[in-house]
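Position one of the sequence shown corresponds to residue 5 (our numbering), numbered consecutively onward.
For glycine and all other residues, C-beta sits at the position ideal for the given N, C-alpha and C.
The next block holds one structure in the form of structure tokens; read it before the comments.
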Amino acid sequence: MNIAIVCYPTFGGSGVLATELGKALAEKGHNIHFITYQQPVRLSGFHANIFYHEVRVPTYPLFDFPPYETALASAMVDVVNNNNIDLLHVHYAIPHASAAYMAKQILAKQGKKLPVITTLHGTDITLVGRDKTYSPVVTFSMEESDVLTAVSENLKEETYRNFKITKPIEVIHNFVDIHRFNKKPVAAFKKLIAPNHEKIIVHASNFRKLKRVKDVVEIFMLLNKKIPSKLLLIGDGPERSEIEAFTRSCDDCGEIKFLGKQEQIEDILPIADLFLLPSEYESFGLAALEAMAAEVPVISTNAGGLPEININGVTGYMSNVGDVHEMSENAVRILSDESTYLTFKSNALAQAKKFGINKIVPKYEALYKSLIV
Ligand code: GMT
Numbered sequence: 005m006n007i008a009i010v011c012y013p014t015f016g017g018s019g020v021l022a023t024e025l026g027k028a029l030a031e032k033g034h035n036i037h038f039i040t041y042q043q044p045v046r047l048s049g050f051h052a053n054i055f056y057h058e059v060r061v062p063t064y065p066l067f068d069f070p071p072y073e074t075a076l077a078s079a080m081v082d083v084v085n086n087n088n089i090d091l092l093h094v095h096y097a098i099p100h101a102s103a104a105y106m107a108k109q110i111l112a113k114q115g116k117k118l119p120v121i122t123t124l125h126g127t128d129i130t131l132v133g134r135d136k137t138y139s140p141v142v143t144f145s146m147e148e149s150d151v152l153t154a155v156s157e158n159l160k161e162e163t164y165r166n167f168k169i170t171k172p173i174e175v176i177h178n179f180v181d182i183h184r185f186n187k188k189p190v191a192a193f194k195k196l197i198a199p200n201h202e203k204i205i206v207h208a209s210n211f212r213k214l215k216r217v218k219d220v221v222e223i224f225m226l227l228n229k230k231i232p233s234k235l236l237l238i239g240d241g242p243e244r245s246e247i248e249a250f251t252r253s254c255d256d257c258g259e260i261k262f263l264g265k266q267e268q269i270e271d272i273l274p275i276a277d278l279f280l281l282p283s284e285y286e287s288f289g290l291a292a293l294e295a296m297a298a299e300v301p302v303i304s305t306n307a308g309g310l311p312e313i314n315i316n317g318v319t320g321y322m323s324n325v326g327d328v329h330e331m332s333e334n335a336v337r338i339l340s341d342e343s344t345y346l347t348f349k350s351n352a353l354a355q356a357k358k359f360g361i362n363k364i365v366p367k368y369e370a371l372y373k374s375l376i377v
């Protein structure tokens, strides 16, 4: 099949998932055309059947706000017309689903049928999309998509709760390439980070408010009082400078490292002993799944779709949002006994395997096939 994929090319989970999906489909012989404003971060290296089409939004003195959605819809039409595209799969509803609707209408006038799949990822529904600034357009374009998918049962429920739509939503959970993440930890790297065998605690996110990165630091400080540890903070975003200032003011400052944006997170996760994700909401929590694939137990909140991947007392622990004391106690509970720890580790990997690339990608392929017969 010739498949066009639209996503955000940045470090957000939706862009990561869309890129990994495109790469997996290309491996299976499909031709994949990414349409984005920048090369997706996980799209490195050469792939014979992956093509990247950049959306350019020219500036013009009249435009205080350059019309990206119009440029995107035009790019979609161009890519479809010139590459024999069978279907368009857009990730994150805003503004991709409405641009897809526009492209579909333009192509229909030219006598071409373009099936559109919209995958809902999280804040496009729970935060930004439900705001009345966007809600009418998001509602309409979801209804107009040929197929609507959500990355968790929770996100499906949230969509029906927040929008007046009648369209069926198919849940296709996010996936992970186990082999890529399940690597042996590099001893020299581990020693460099934790020279005295301290535990290595990792958090990765785009440092938005809802990720509650300050909770990560507080959990770590409580844990560090009982078990000597190091904290690696991966990613960047609006909250980073405030969090950096906060960590500079505390005693454990030297034990906390900000690694910034990292493309090769699969090289870092294997040295981690524990992954922290105390988010206010996660539709799914792809970062936690990738940690589990690297055999790292997860301490998270029980918000949103996290209970669909993190099993309390089995692959890690879950607590109410903001309960940093319970989260740090659970971290101590996992890390203080070697045999308990090893059980959590292998449980995490076993759980991640349920979301393995080979189990989930065929679900998208089956969906595509049903649309182009
Ligand atoms: O929160 C992010 O990291 C970005 C955001 C996005 O939409 O780009 O991620 C959402 O999609 C991911 C992939 O499906 C999910 O794993 C995240 O849980 C979800 N984030 C939220 O719901 C806050």
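- Around the Cβ of R165, a 10 Å sphere holds fewer than 16 other Cβ atoms; the residue is exposed.
- Nearest to P13 by alpha-carbon distance, out of A28, K373 and Y56, is Y56.
- Counting every other CB atom within 10 Å of its CB across the protein chains shown gives K234 a total of 16 or more, marking it as buried.
- In this structure, L278 sits away from A292, with a CB-CB distance that is not shorter than 8 Å.
- The distance from the Cβ of E162 to that of I121 is about 19 Å, inconsistent with a contact at the 8 Å cut-off.
- By the Cβ-count criterion, A335 is buried, with 16 or more other Cβ atoms from all chains shown falling within 10 Å of its own Cβ.
- For the pair A198 and I205, the CB atoms are not nearer than the 8 Å cut-off.
- S233 has K203 as its beta-bridge partners, per DSSP.
- For L152, same chain residues with a beta-carbon under 6 Å away, outside a window of 5 residues either side, are T122, M146, K171 and I173 in chain order.
- For K357, same chain residues with a beta-carbon under 7 Å away, outside a window of 5 residues either side, are I182 in chain order.
- DSSP places T251 outside any beta strand (DSSP E); the residue lies instead in the alpha helix (DSSP H), whose first and last residues are R244 to R252.
- Between L226 and F262, the gap from beta carbon to beta carbon reaches 8 Å or more.
- For K261, the enclosing beta strand (DSSP E) starts and ends at I260 to G264.
- Judged by their CB atoms, I98 and V142 are nearer to each other than the 8 Å cut-off.
- For D128, the shortest C-beta to heavy atom distance toward the ligand GMT is below 7 Å.
- Taking 7 Å as the cut-off, one finds at least one heavy atom of the ligand GMT near enough to the beta carbon of H125.
- For E174, the three-state secondary structure derived from DSSP is strand.
- Within the same chain, I238, G239, I269 and A291 come within 7 Å of A208 by CB-CB distance, once the 5 residues on both sides are set aside.
- Within the same chain, Cβ atoms closer than 7 Å to the Cβ of Y321 are found at I303 and N334, the five residues on either side in sequence being excluded.
- Distance from the CA atom of E148 to the CA atom of A79, rounded to whole angstroms, is 20 Å.
- Taking the Cα positions, I110 is about 7 Å away from V81.
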